[in-house]
Amino acid sequence: MSENCPHDCQASKWKESRKDPVREELLSQGKEPDFETISALFSATTGAAAFDQTVINGNIERLKTVPEVNTGCHFLDLSVKTGLAFIDATFQGDHPKYGVKVYGENCHDGFPPTIIAAVDALSAWGLNLRARQIFRYWILNLIHADGTIDYYGPSISEYGQLLHTAACLEERAGIEGWWHDCFPPLDRLADHLLKLRTSAEKDDGLIVGSPEADERKEFGKYFHNNAWAAKGLQRWADLCERRSVAPSTAIDRIRNTAKAIEKDTLEAIRKCWPDDPADWWLTPRVEPLKRPQSLTDTREASYTNYRYWPELLSSGVLPNEMANRIVDARLSAGGQFCGMTRFADWLDDWPLADYLYGLWDLGRKRDFLLSLYGHIAYHQAKDHLTAYEQVTFPPGKEKAAYSLPCQLVAARAARLLVK
């Protein structure tokens, strides 16, 4: 415990709070979140470095970003550069790796959020050649002939996110070196989503599927899955139209299907969510779930808070009223601590970029900055800034190994602060 961190002794008590005590304190004092204030609250997180620091420093020195990394916060700038430097340290050439230790095992190589986060971060900072290289490799090697993803537990949302990533890459980096080769497998991937929708049309139109790898046996009609299916198909239709190519399914049909999925998803949410706008339990799927006592009370509640809600936010399909309900529910039912995401009795931030994108779109900059500064202060380890997938409450320690999507939260979100 550090004498300079007077709140360390209260961390165990704050675990019981349903509201984020750091946020509440800042609000009571009328303060805007700033990194200096946030980072002085607790002792820094400790743990072993994922990589030799000389390797990371060398990668940082070779970075040539456009625009320059200059957010106005030196530590955030260093976090951005460190995250970008970790991409090549983590990948084996163009071959993806999710992280180190157990996350370095081959079974995790095809986890879609790894390539989604890496391509988003690289292309956001103008590192387009590397973004095109690794995206091309992933698409050519990890999509099956039937359009399914070569991974043990892909979610439906990840199919839509991959199509969105392709559209982002084209918008930011052009098509040189990847589009010609990647169009056929991406077309198959889109057709797979369309077939799933066709199967769902005889019911309420919602695609049934796995919500995420750990919960791959919990098939259901999840709202984040369908929201991203709609977003991904819409983005794919727009991309094909811009490039004047003819996908296997007509562009108009893809676009109409995307709109229909979005409509059905919003109708289902309105039927399933409580009428009382103050009621925080916003179920993540159509099928009934036992109501939890808080967002850390059950496994389903924790997964809803840390991934299903953030992905529903980042899809952009929700009207602001619905999107704000999710944020308010997280803030009132034990969903975060110092801006970081609570999962059971620890913190797990690897999907935090989705939440940050949602906050930014809602104009909730105060909450955006609290979560971003809390993440870089305490989800990253002291000195070497390794971002572990999971950490304990401050004073933090590594609970689960380093993972690349967690490391790239700062690089992805901070780009929104730089014009």
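Take the sequence shown: its position 162, counting from 1, is numbered 187 in my numbering, and each next residue is one higher.
Just so it is clear, CB atoms sit at the ideal spot from N, CA and C, and this is done for glycine as well.
Three-state secondary structure assigned by DSSP to residue i
{"i": "L343", "result": "coil"}
{"i": "T115", "result": "helix"}
{"i": "V352", "result": "helix"}
{"i": "H169", "result": "coil"}
{"i": "Y123", "result": "coil"}
{"i": "Y75", "result": "Per the sequence shown, the amino acid found at residue 75 is Ala instead of Tyr. Looking at A75 - three-state DSSP - the assignment turns out to be coil, as it is neither helix nor strand."}
{"i": "G245", "result": "strand"}
{"i": "G234", "result": "strand"}
{"i": "A406", "result": "strand"}
{"i": "I200", "result": "coil"}
{"i": "T70", "result": "strand"}
N-terminal and C-terminal residue of the alpha helix (DSSP H) that residue i is part of
{"i": "Y403", "result": "K390 to Y403"}
{"i": "Q78", "result": "Q78 to R87"}
{"i": "V416", "result": "Element bounds for V416: not the alpha helix (DSSP H) but the beta strand (DSSP E), Y413 to V416."}
{"i": "V434", "result": "V434 to A439"}
{"i": "T139", "result": "P137 to A149"}
{"i": "P46", "result": "P46 to Q54"}
{"i": "T62", "result": "F60 to S64"}
Residue i and residue j closer than 9 Å at C-beta
{"i": "T308", "j": "L219", "result": "no"}
{"i": "L433", "j": "A191", "result": "no"}
{"i": "F160", "j": "C98", "result": "no"}
{"i": "E183", "j": "R268", "result": "no"}
{"i": "W306", "j": "A252", "result": "no"}
{"i": "R440", "j": "V105", "result": "yes"}
{"i": "E49", "j": "L394", "result": "no"}
{"i": "V342", "j": "T290", "result": "yes"}
{"i": "G257", "j": "H189", "result": "yes"}
{"i": "W150", "j": "A436", "result": "yes"}
{"i": "L231", "j": "I279", "result": "no"}
{"i": "L356", "j": "D145", "result": "no"}
{"i": "L214", "j": "I168", "result": "yes"}
Test: residue i CB closer than 9 Å to a CB of chain C
{"i": "S68", "result": "The structure shown has no chain C; it contains just one protein chain."}
The beta strand (DSSP E) enclosing residue i, as first and last residue numbers
{"i": "T366", "result": "M365 to F368"}
{"i": "Y382", "result": "Careful: Y382 lies outside any beta strand (DSSP E), inside the alpha helix (DSSP H) at L377 to D386."}
{"i": "K424", "result": "E423 to Y427"}
{"i": "D373", "result": "W371 to D373"}
Same chain only: Cβ atoms within 6 Å of residue i, ignoring 5 sequence neighbours per side
{"i": "C431", "result": "D374, W375, A412 and E414"}
{"i": "E336", "result": "S182, H249 and D379"}
{"i": "E266", "result": "I276"}
{"i": "G245", "result": "R310 and E312"}
{"i": "T323", "result": "P317"}
Sequence-distant residues of its chain with Cβ nearer than 8 Å to residue i (five each side left out)
{"i": "C132", "result": "Y177"}
Beta-carbon contacts of residue i that lie in its chain and below 7 Å, excluding the five residues immediately before and after
{"i": "N84", "result": "A110, D113 and A114"}
{"i": "T71", "result": "A406, K407 and K422"}
{"i": "V270", "result": "F208"}
{"i": "A358", "result": "R43, W305, S319 and L320"}
{"i": "I401", "result": "F100, L101, S104 and A435"}
**Report entry** Completely contained alpha helix (DSSP H) runs for the region 252-323, where each covers 4 or more residues
**Finding:** 276-297
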